[in-house]
Each structure stands twice: as structure tokens, then as C-alpha cells.
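Scroll down for the structure; my scribbles are underneath it.
Numbering (the numbering used here), first residue to last: 12 to 865.
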């Protein structure tokens, strides 16, 4: 069987899946504990191998897997352990199938244009012969289980019927689970392909490079291959979803899309960007319909697109120049058809001698192969032969294999064959012939992991961190001999190191590149600009910055609204931009970069900037703030009014704006994840909205301190130093207290007054004349200040958790559990400083500090 270059990824994925299943099976056999669950997992592994290998037409591997599966089912039904011979046979089988996987990997690695997999090169005759002898050999366990007592002969006869029924039920269950798994994998893969298409089309729109067009065509082909694999399990899939038509229609769409791009490449023309985007939109609609198992609702839109693709492709077919290279391609296709027909015939030979399950598997594979042949004839315009193969499919559907074989013989006799030694090959250029052998795709170095499993990893890591802190607390509060204390401390250091490494791995597993987020915004911005009649270029930078996947998901809505704001309110219309001496095409830039333990995401544009006068008027008019309050605000604070719920500068409600919600989502999301938002602008020149977001929300390095009887945590990235100070070190100037830190005076506040459990936070710091204090030197993005605390507890790594619902969130980002099991509030220094500056500006008087006034 031959696979074209576009199908390489499918073959690679099958090899990877088989190798994973073999390792899982081997692990179960080595454990040698034959519980019902272990046997069930082992049966499922070989059943899945049988299903996926069938796609590669490796019949010997299919038969071998089926034999092992059936043997294990007998073991499960009999309630006894497998024989040593069967165990040895399974180990031998795993080794041989592994060798086949290795050979297949070599073939893929060395292939450039197509992969040819010949079943005769992957035969397992010795193992299959051994399997027959094992099957014929009487099993001691069977004799023991079926003839314990002569009086139970009749009962055993009845039991056999029940066991057969049970076996049939289990087979159906396995087939159902295989179909479920295949469908899920297809939908996961479809999601990745949709994102890939979005990115490729955006790149193609910029350059119209031929290589990018080839990549788009291959992606369409990959979706088609995945849909075919699902449809090959149509009987089982049909029990899971109501309508297979969605998958069939999706397959037809991507086939036409692939043909459309291919024809454009052959003619040296550019594909229509709008058509490509429309194809992706319809694919997304199919994805939603298949996932929710609901009817496809965009039928009219689909029909228009299919007709448009068919017309474009058929029109271009007539315009194709009839040159020699096209004849070579046609001849090669002819030889491939002959090979496919021969493979189909080999598959159906001796059909009657196969078991019911083998017949089911063979029919499924044969149908898929016949469909490929039929499709190939259609593409070559050979309608009569396509109709004949279509009738073969009908025969197979009805179970009439004999008629299908007769029809195959007729086609094979009439088809012009090309001798292998006379086949023409497309001449390769020097560059092509000197290209290095293509390595196995880097995608094989990655694995798809369910989110639930990832959560389990960092749930365990979180428990480790909590245990580590408990252990450290226990060591410090317990009394040991000197020798015991040293041993325990060494153990605690090793435990801490391993916990740190585990937590880092858990965090890395959670992270994904921001390109997954940014790719969709390129298109969103482009379409929004088109709807508004504006010209916009979208620039994206920093796509490789990695952030926790949960944070990425939460950023979708905020960034969407930021982009809407930039396009709708920021970027001017082309005529207006001309008047200001700007280019007609505006620029919207989405960028990301690292900043310590945070990522900075910036959305900037070269439009109008913020009109603070208009913002103030609208806020007052909408009753969000009084005129008196508004007049006291600085320009920056006026601009920040756009984050108020219900605020809008648009008078008319449209699909894009004027509904009174949008930018407030940005602020609420930042508060939720412990991030920050900042506005910068120059009137008539442009604006920039910056988001400072944590790379993750799970673990923090923090200092735990005490105020009164409560514990608090401050993230280490904000902490510059801890100093011991005396009252005489505190100075007062214009009703504010200061201390000297290095070469500058910085404001100092009392944590007792600000973080007290009784009453409202107060910046009226009171210090005892005789007092000595621990002063935390805190550095925020905007300023530096000192905070006096009662006691320093410890520094370490802690698990961050969200604030409980209803907790005061003035300047806290979350909570954590300390070593002794008590809860500490995590301080957010940036919000803390915002509160301090607002309070200082609004209060009438700060009491003078007693003591030394500098």
C-alpha cells in the first residue's frame, strides 16, 4: 500500500500509537498479576493494535493481534491464569511487532515523495503457525475449569452458551471503546489542524509562497485522512454519534479544498484568501456539530462553497497545459491503482475461511481501500471505472464478497498495466537529489496528554510542597540529638530539592506557547477591520513565550476586547488617516515578552490614542462617576475609567461596541489571576495597553511574616531586602514617614495599621518610641516603599490558591498554607501601592511621628 507525502503524519502517528500500546502490554505481562482489570487492559491494548494496524494493511500483525486478543478473552472467561506458553508467545509477538515498527520508522525516515508498505515484507508466518498449534493444543486450565466434576457436564454446557454471550458483549464493549477513542483523537487532531490552517493562511496572505500553499494542501489532506479513519469504523462510530453525515461531508469539503489548492499550485496561481478562510470557517462549524452531535446548520453556506470550489477546480482543469510531466503523473497514478486493486483482492481472498471478527475487520479495511480507488478514478475523470468500484463498495456493504471479487477481476484484466522496470520516474533536480534524508518529525518527540492527567501531576506536586513545609516546621519545633538533627536536616534538604524539581516539571507541563492564543487574534482583527471598512496590518511578536494553559484560556476574552477597542476606537478610517499624514493602513501590534516570573503582553496601535475629555464626559453622563469626582482625577485616572462596568463611548449599539461591557473584563480577569493592566497613549499618535500576567498561578516563592496573630506572604520577586530598624531611623516630612534605604528616602508604613484584622486599613502609621521593627523593602513597578511587620517566619516555596468567595480582595492575590497548617494571605504589592497612593492623596492629615524628624 502506498501513502503520499501528505499522509506521512498519519503513518507516523500509527507507528507511535502501536509502540505505546506494546510497551503498555509488556508492562502488564511483566507484572504477572492477572486480575480482571489487568486482563481487560491487555485485551484492549491488542484490540487497538489490531484496529490501527489494519489501516496499514499489515494483515499478519492484524491476525496475530486478533489471536492474542481472543486467547486472553478465553482466559478472562475461564477465570484462570494464562499458560506459560501463551505468556512466552505474547513476549515473542511484542518483540516481532516492535521490529516491524522499527522497519516502518526507517521507511518513513528514508522516504521523500511516498511511502510504500508491502505486506509481504512484514510477514509473521512462524508466529502465526505457532498460534495455530497453541489453539489446537488442549489447555490444562480449560480441562480443569470445564470438567471439575462429571455431574456438572450439563451445567458446563449451559455455561458455555453464557460465556459465548459474555464474550460477544465484551467484544462489543471493546469495539465501542476503540471507536470512542478514535473519534476523540480525530477531534483533538482536528482542533490542531484548524489552528495550523489559520496560521498558514495568514502567512500565505503575506507572501503567497508556493511552499506555504503546499503546507495548506497537506493540512487539508491530513484532515481528510483522519476523517477516513473514523469512517472506517462507521458501524461502531454510528453507535456513538447520531449522524455520520457530518464526517462524510467534512471529508468531501477538505477533499475539494485540497484539490482546489493543488490546481492553483499547478497553474502557478494564487489561491483566493477569502475562499480559504471560508473553508476554515465551515470546518469549524463541522467540528462543533460533530463534538456536540448536533445537525450541521450551515447547509446553504456549505453548498455555496462546495459549488464554488467545484466550479473553480473544473474550470482550471480545462485550462491546464497538456505537457509531458502531466502524463508521467497520470502513468504513476495508473500503477498505483493497479497496486491498490491487487491489495484489495488479496485482502478478500479466503474471506469465507475467516472468523466473524476477522470478516468484520477485513470488510471495514476493504471498504476504506475501495473508497480510495474509487476516488482516484474520479480524480482521473474515469467515470465508468469509478462506477464499477462504487458497485464493489455496494457488494461489500451487503456482504456479497464473491460479486465484489468478480468485479475486481474484471477491472484488473481491463486495466492497462505498466511493468515495474518500464515505469517512468519524474527526474529529480540536483538540489532535490542532494537533500538529506528527512528525519522523523519532531512531533514524534511530543505526546498528547489529557488535561486531567496534567492536573494530577501538579496536584501531587502541590501536596509534596505542603509536606515539605510541614517537615521543615516539624524539624524546627522538635528537639533531637545533634546527630539525629543533622541526619533529618540532610533528608529535608534532599526532599526539598526533589520537590523543587518536581514542581518545576509540573509547571513546565502546564505551559503552552502564546502562539495558540495569538494566531486566532490575527484573523479576528483582520475580519473586524474588514467589517468596519478599515485597513489594518497585524504584527505579532513573542509567540514563543510560554504561559500556564489555564491563564491562556482566561486571556481570550480580555485580549479580544482590547483588540476590538484598538480597531473600533483607536485606528482611524483611511480618509481620516490621510488627513493626519498617516498611511492608509493602520498597525495593530500584539507582542509578548518575559519579565521575571511574569509575561508582558502589549496591544498597541498607531491610531487616535485615548480622548480623556470624551471619556470623562461619557462617564459622568452614564452616572458612573460625579462631575466633582471626575474633576479631581488625573489624566491617567480618567483613562482608567474605561475599565468601569457599563462604560462605553459609543452612542449606538452595534455587534462590535456600545453594549457597556468589554474593557471591564480585562480588569476583572487581571484581578482574578493576580495580573496588572496599564494604559499609555499619545493623542493622535496611538495607544498601548499592557498586561502583566504571572507565568503560572500554582507555586510562589514567598516570605511569610506575621502581623498581630495573622500570617501573610509576600512574593520574593517584590522583596528587595529585610532590615532591622529602630524608631530613630524613621523620619517625617510633610505628614509622611520615611526611612533611608541605600541612597534614597522611601515611605514607610505600619502593617499593623494596614493589615489589621479589626477595622478598615489605615495609612496613619503609628510607631512606638521604644519600638524595634522588621522593615520589608518592597519594590513595585511604580515605586519602592517599606512595610514594618511584627515577625519574620520563614522563606520558601508555597502552593498558591484562589481567595475564598466573598473574601476581601483589596490587595491580596490569593492564599497559601504554611508549614504549621495555618492559612496566610498573599499580598499583591502593586495593588497595595495603588491603595496607598490613593489613600494618601485623599486623606486630610497624617499625624506626625514622635521622635527624630529628619
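Cβ atoms here follow ideal geometry from the backbone N, Cα and C, with glycine treated the same way. Just so we're clear, the structure is a prediction, and the values are computed from it rather than from any experiment.
| Check | Outcome |
| --- | --- |
| Of the residues 758, 847, 733 and 751, the one placed nearest residue 745, counting alpha carbons only | 758 |
| Extent of the continuous beta strand (DSSP E) to which residue 597 belongs | 597-606 |
| Residue from 45, 94, 38 and 31 whose Cα sits closest to the Cα of residue 112 | 31 |
| Whole runs of the beta strand (DSSP E) within the segment 481-537, excluding any shorter than 3 residues | 522-524 |
| Within the segment 609-663, ranges of the beta strand (DSSP E) (whole runs, at least 3 residues) | 609-616 |
| Residues bridged to residue 761 [DSSP beta-bridge criterion] | 799 |
| Short Cβ contact (8 Å threshold) for residue 593 with residue 557 | no |
| Residue 24 versus 116, 133 and 101, residue with shortest Cα-Cα distance | 116 |
| Option nearest residue 617 by Cα separation, candidates 700, 687 and 477 | 700 |
| Sufficient close CB pairs (3 or more, under 8 Å) joining the segment 575-586 to the segment 539-549 | yes |
| Extent of the continuous alpha helix (DSSP H) to which residue 280 belongs | Looking at the DSSP string, residue 280 is not in any alpha helix (DSSP H), and its letter there is neither H nor E. |
| Counted within 10 angstroms of its Cβ, other Cβ atoms place residue 478 as buried (16 or more) or exposed | exposed |
| Residue 128 versus residue 67 - alpha carbon distance | 7 Å |
| Three CB pairs or more closer than 8 Å across the segment 259-269 and the segment 41-59 | no |
| Presumed contact (8 Å Cβ cut-off) between residue 193 and residue 119, rounded CB distance | The pair is not a contact, with the Cβ atoms about 21 Å apart (cut-off 8 Å). |
| For residue 730, three-class secondary structure by DSSP | strand |
| Of the listed residues 14, 572 and 301, nearest to residue 196 (C-alpha basis) | 301 |
| Nearest-angstrom Cβ-Cβ length linking residue 601 and residue 532, presumed shorter than 8 Å | 6 Å |
| Residue 62 classed as buried or exposed, judged by whether at least 16 other C-beta atoms fall within 10 angstroms | buried |
| Alpha-carbon to alpha-carbon, residue 630 and residue 636 | 6 Å |
| Backbone secondary structure at residue 592 - three-state DSSP | coil |
| Contained alpha helix (DSSP H) runs [length at least 4] in the segment 189-242, N- to C-terminal order | 221-242 |
| Uninterrupted alpha helix (DSSP H) stretches inside the segment 49-102 (no shorter than 4 residues) | 70-89 |
| Integer-rounded CB distance, given that residue 398 should sit under 8 Å from residue 381 | At roughly 12 Å, the Cβ-Cβ gap does not stay under 8 Å, so residue 381 and residue 398 are not in contact. |
| Between the CA atoms of residue 550 and residue 598 - distance to the nearest angstrom | 7 Å |
| Range covered by the alpha helix (DSSP H) that runs through residue 575 | 560-576 |
| Cβ-based neighbour list, residue 475, same chain, cut-off 7 Å, excluding 5 preceding and 5 following | 510 and 513 |
| Assigned secondary structure, residue 826 (DSSP; H/G/I helix, E/B strand, else coil) | strand |
| Distance between residue 387 and residue 333 (C-alpha atoms, nearest Å) | Low per-residue confidence applies at residue 333: pLDDT is 34, beneath 50, and the placement is therefore not dependable enough to give any value. |
| Same chain, Cβ closer than 6 Å to residue 726, neighbours up to 5 away in sequence not counted | 711 and 713 |
| Length of the line joining the Cα atoms of residue 503 and residue 553 | 39 Å |
| Residue nearest to residue 212 in terms of C-alpha spacing, selected from 200, 827 and 227 | 227 |
| Delimiting residues of the alpha helix (DSSP H) encompassing residue 677 | 674-684 |
| Counted within 10 angstroms of its Cβ, other Cβ atoms place residue 26 as buried (16 or more) or exposed | buried |
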